[in-house]
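Chemist: Structure below; questions to follow.
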Ligand SMILES: Cc1cc2nc3c(=O)[nH]c(=O)nc-3n(C[C@H](O)[C@H](O)[C@H](O)COP(=O)(O)OP(=O)(O)OC[C@H]3O[C@@H](n4cnc5c(N)ncnc54)[C@H](O)[C@@H]3O)c2cc1C
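Numbering (my numbering), first residue to last: 4 to 379.
Now the structure itself:
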């Protein structure tokens with residue numbers, strides 16, 4: 004490894020995880036090179052819900068004021084039955100505090116935020132990593148066009164189907180989420196919801212969150228036994244008993260098939276997140292069904308923790324193992340709580356509707372309470 008690159012971090016992937024670690028390294032004065040396969044992010048037109056711990060991480064990345072200028076605060080959650088009856092509400096402002104209250108914004112705006120005030124010299128688009136090799140001093144990648152790059156450490160932030168993960172551990176079978184295997188996302192004119200609102204039937208969920216400019220973000224999931232498949236039109240039947248607002252919003256979304264994004268719910272649960280000079284981060288390490296909207300939050304926290312460790316150490320040999328030791332308990336907590344709520348969501352209507360008013364607020368607190376503690 005030439006000494007010029009021995010303290011440079013290579014980042015595979017310029018999604019939320021990759022852009023976050025790039026920013027966190029920059030804050031700590033460490034050089035990096037981000038290699039992103041695409042020229043345009045596929046789902047950038049959609050939105051993303053950020054719970055309070057994601058907002059705190061963005062604040063630590065110096066982005067709190069800029070965040071407030073885009074998207075909308077999420078102050079309240081409403082959980083409803085498939086017929087529209089209110090089961091319980093959560094006052095998110097009271098829970099998280101106004102400083103780090105949850106926020107919903109367009110993905111493209113989050114990507115823009117993460118790149119704010121950074122030069123674009125250290126990010127390359129259309130640069131897909133084809134293979135990875137490491138030696139005791141660092142990691143080397145070969146790109147799909149045959150070019151090569153090297154760094155003292157490689158961060159695999161290349162998502163659920165990570166090439167970097169495959170280079171370490173070979174092909175692995177990804178798990179389908181317990182909640183459902185298929186989902187769809189879309190933006191829609193806001194049909195009149197003022198809060199984060201979920202309608203839940205057995206195996207069928209419909210979520211709307213107000214974003215901005217009169218639009219809301221919609222997310223629909225249907226389990227296979229309720230007709231869920233890769234064809235969004237097949238979901239219609241699962242929502243026949245839902246309120247008119249839900250059915251009309253779904254119909255309007257289905258009428259624009261190019262604006263409805265099929266989003267399979269795949270999970271990554273693996274025994275190790277790296278080896279020597281290669282470290283996995285974000286979805287590549289621990290993609291989890293979006294039951295508690297923790298994907299971006301965990302990726303942002305991963306980035307802050309890893310950047311701090313790399314900045315503090317002159318020797319990066321054990322940095323990956325230490326990063327995993329610090330991050331695993333928090334990630335496994337989210338995975339456990341995701342499974343727990345997914346089991347409740349799959350109960351028959353009568354049992355779920357009886358249980359949720361008690362179990363729901365309790366699960367919300369049990370999930371998010373430990374996440375109110377800063378990750379670093
Ligand atoms: C339906 C759904 C809804 C969700 N909703 C939420 C939500 O509301 N809130 C939340 O916090 N999270 C949510 N998530 C999860 C969240 O989107 C992810 O956890 C988050 O975006 C972190 O992703 P990432 O950067 O690790 O991976 P990705 O976003 O997948 O980014 C990986 C990047 O790597 C690039 N790449 C891949 N292979 C290569 C290669 N070989 N070489 C170079 N580049 C490569 C890809 O092009 C991509 O840009 C949701 C997920 C799903 C599926």
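In this text, a Cβ means the ideal position worked out from N, Cα and C, and glycines have one as well.
Could you tell me which of 43, 221 and 113 sits nearest to residue 26, measuring between CA atoms?
Modeler: Here residue 26 refers to the residue found at position 23 when the chain shown is read from its first residue. Of 43, 221 and 113, the residue nearest in Cα terms is 113.
Chemist: Classify residue 2 as helix, strand or coil using the three-state DSSP reduction.
Modeler: There is no way to answer for residue 2, as the model of the chain reaches only from 4 to 379.
Chemist: Does the Cβ of residue 266 lie closer than 8 Å to at least one heavy atom of ligand 1?
Modeler: The sequence position of residue 266 within the chain shown is 263, counting from 1. Residue 266 Cβ: within cutoff of ligand 1.
Chemist: So residue 329 is in the beta strand (DSSP E); what residue range does that whole segment cover?
Modeler: Within the chain shown, residue 329 is the residue found at index 326, counting from 1. Run containing residue 329: none in the beta strand (DSSP E); it sits in the alpha helix (DSSP H), 322 to 348.
Chemist: Might you give, ordered along the chain, the residues of its own chain that have their beta carbon closer than 8 Å to the beta carbon of residue 332, omitting 5 neighbours on each side?
Modeler: Within the chain shown, the letter at position 329 stands for residue 332. The answer is none, since no qualifying residue turns up.
Chemist: With 16 as the cutoff for other CB atoms within 10 Å, does residue 316 come out buried or exposed?
Modeler: Position 313 of the chain shown, counted from the first residue, corresponds to residue 316. It is exposed - the Cβ of residue 316 has fewer than 16 other Cβ atoms within 10 Å.
Chemist: With DSSP collapsed to three states, give me the class of residue 193.
Modeler: The count along the chain shown starts at 1 and reaches residue 193 at position 190. Residue state, collapsed to three classes: coil.
Chemist: Around the C-beta of residue 143, are 16 or more other C-beta atoms found within 10 angstroms, so that it is buried, or is it exposed?
Modeler: Residue numbering aside, residue 143 sits at position 140 when the chain shown is read from its first letter. The residue is buried, with at least 16 neighbouring Cβ atoms inside 10 Å.
Chemist: Hey, could you find the ends of the alpha helix (DSSP H) residue 55 is sitting in?
Modeler: Here residue 55 is taken as the residue at index 52 of the chain shown, counted from 1. Taken as a continuous stretch (DSSP letters only), the alpha helix (DSSP H) holding residue 55 covers 55 to 63.
Chemist: Please confirm if the stretch 278 to 294 is in contact with the stretch 335 to 345, defined as three or more CB-CB distances below 8 Å between the two stretches.
Modeler: Touching, yes.
Chemist: Could you tell me the alpha carbon to alpha carbon distance between residue 158 and residue 13, rounded to whole angstroms?
Modeler: In the chain shown, the residue the question calls residue 158 occupies position 155. In the chain shown, the residue the question calls residue 13 occupies position 10. Approximately 6 Å between the Cα atoms of the pair.
Chemist: If residue 160 and residue 284 are in contact, beta carbons under 8 Å, what's the gap, nearest whole angstrom?
Modeler: For this step, residue 160 is matched to residue 157 along the chain shown. For this step, residue 284 is matched to residue 281 along the chain shown. With a Cβ gap of about 5 Å, residue 160 and residue 284 count as contacting.
Chemist: Quick test of the definition: if touching needs 3 or more C-beta pairs under 8 Å, does the stretch 174 to 187 touch the stretch 146 to 157?
Modeler: Touching, no, given that fewer than three Cβ pairs across the two stretches are closer than 8 Å.
Chemist: For residue 126, is the beta carbon positioned less than 8 Å from some heavy atom of ligand 1?
Modeler: Position 123 of the chain shown holds residue 126. Result no, Cβ not under 8 Å from ligand 1.
Chemist: Can you list the alpha helix (DSSP H) stretches of 4 or more residues lying completely in the stretch 35 to 119, in chain order?
Modeler: Listed in chain order, they are 55 to 63, 67 to 71, 95 to 99 and 110 to 117.
Chemist: Please determine whether the Cβ atom of residue 130 lies at a distance below 8 Å from any heavy atom of ligand 1.
Modeler: The residue given as residue 130 occupies position 127 in the chain shown. Checking every heavy atom of ligand 1 against the Cβ of residue 130, one is found closer than 8 Å.
Chemist: Can you name, in chain order, every residue of its own chain whose Cβ lies under 7 Å from the Cβ of residue 168, other than the five neighbours on each side?
Modeler: Taking the chain shown and counting its residues from 1, one reaches residue 168 at position 165. The answer, listed in chain order, is 159, 283 and 287.
Chemist: Return the chain-ordered list of same chain residues with a C-beta closer than 8 Å to the C-beta of residue 146, the five sequence neighbours on each side being excluded.
Modeler: Counting from one through the chain shown, the residue named residue 146 turns up at place 143. Contacts found: 38, 130, 131, 132, 133 and 152.
Chemist: What residue does the beta strand (DSSP E) around residue 137 start on, and which one ends it?
Modeler: To locate residue 137, count along the chain shown from 1; it is residue 134. Note, residue 137: beta strand (DSSP E), 132 to 138.
Chemist: Is residue 374 near ligand 1, with its Cβ less than 8 Å from a heavy atom?
Modeler: Here residue 374 corresponds to residue number 371 of the chain shown, with the count starting at 1. Residue 374 Cβ: outside cutoff for every heavy atom of ligand 1.
Chemist: Take residue 69 and list the residues in its own chain whose beta-carbon comes closer than 7 Å to its own, dropping the five residues that flank it on each side.
Modeler: As a working mapping, residue 69 is identified with position 66 in the chain shown. Result list for residue 69: 116 and 119, in chain order.
Chemist: Determine the closest residue to residue 111 out of 214, 323 and 82, with distance taken between C-alpha atoms.
Modeler: Within the chain shown, numbered from 1, the residue matching residue 111 stands at position 108. When only C-alpha atoms are compared, the closest one is 214.
Chemist: Distance, Cα to Cα, residue 121 vs residue 18?
Modeler: In the chain shown, the residue the question calls residue 121 occupies position 118. In the chain shown, the residue the question calls residue 18 occupies position 15. Rounded to whole angstroms, residue 121 to residue 18 spans 16 Å at the Cα level.
Chemist: Work out the CA separation of residue 107 and residue 58 for me, nearest whole Å.
Modeler: Position 55 of the chain shown, counted from the first residue, corresponds to residue 58. Position 104 of the chain shown, counted from the first residue, corresponds to residue 107. Cα to Cα, the separation comes out at about 10 Å.
Chemist: Here's the rule: buried if 16 or more other CB atoms are within 10 angstroms of the residue's CB, otherwise exposed. What is residue 380?
Modeler: For the chain, the structure presents residues 4 to 379; residue 380 sits outside this window and is missing.
Chemist: Using the Cβ count rule (16 or more neighbours within 10 Å means buried), how would you classify residue 354?
Modeler: Position 351 of the chain shown, counted from the first residue, corresponds to residue 354. Its Cβ having fewer than 16 others within 10 Å, residue 354 is exposed.
Chemist: Quick check on the burial criterion: 16 or more other C-beta atoms within 10 angstroms. Buried or exposed for residue 190?
Modeler: Here residue 190 corresponds to residue number 187 of the chain shown, with the count starting at 1. The residue is buried, with at least 16 neighbouring Cβ atoms inside 10 Å.
Chemist: Taking the alpha helix (DSSP H) that residue 317 belongs to, which residues open and close that run?
Modeler: Position 314 of the chain shown, counting from 1, holds the residue named residue 317. Here residue 317 belongs to no alpha helix (DSSP H), and DSSP marks it neither H nor E.
Chemist: Cα separation between residue 418 and residue 6?
Modeler: No information on residue 418 is available, as it lies outside the stretch 4 to 379 that the chain covers here.
Chemist: For residue 268, which three-state DSSP category applies?
Modeler: Counting from one through the chain shown, the residue named residue 268 turns up at place 265. In this structure, residue 268 counts as coil in the three-state DSSP scheme.
Chemist: For residue 199, which beta-bridge partners are listed by DSSP?
Modeler: Along the chain shown, read from residue 1 onward, the residue named residue 199 stands at position 196. The partner list for residue 199 (beta bridge, DSSP) reads 80.
Chemist: Pull up the distance between the alpha-carbon of residue 336 and that of residue 370, whole angstroms please.
Modeler: Translated into positions along the chain shown, residue 336 becomes position 333. Translated into positions along the chain shown, residue 370 becomes position 367. Between residue 336 and residue 370, the C-alpha separation is close to 8 Å.
Chemist: To which residues of the same chain is residue 260 closer than 6 Å at the C-beta, ignoring the five residues directly before and after it?
Modeler: The residue given as residue 260 occupies position 257 in the chain shown. Taken in chain order, the list of residues that qualify is empty.
Chemist: Using the Cα positions of residue 66 and residue 103, report the straight-line distance between them to the nearest angstrom.
Modeler: As a working note, residue 66 is residue 63 in the chain shown. As a working note, residue 103 is residue 100 in the chain shown. So the two alpha carbons sit approximately 12 Å from each other.
Chemist: By Cβ distance below 8 Å, which residues in the same chain neighbour residue 251 in space, the five residues on each side in sequence not counted?
Modeler: On the chain shown, position 248 is the one that residue 251 refers to. Around residue 251: 194.
Chemist: In chain order, what residues of the same chain lie with their CB nearer than 7 Å to the CB of residue 325, ignoring the 5 residues before and after it?
Modeler: Here residue 325 refers to the residue found at position 322 of the chain shown. Correct list, in chain order: 312.
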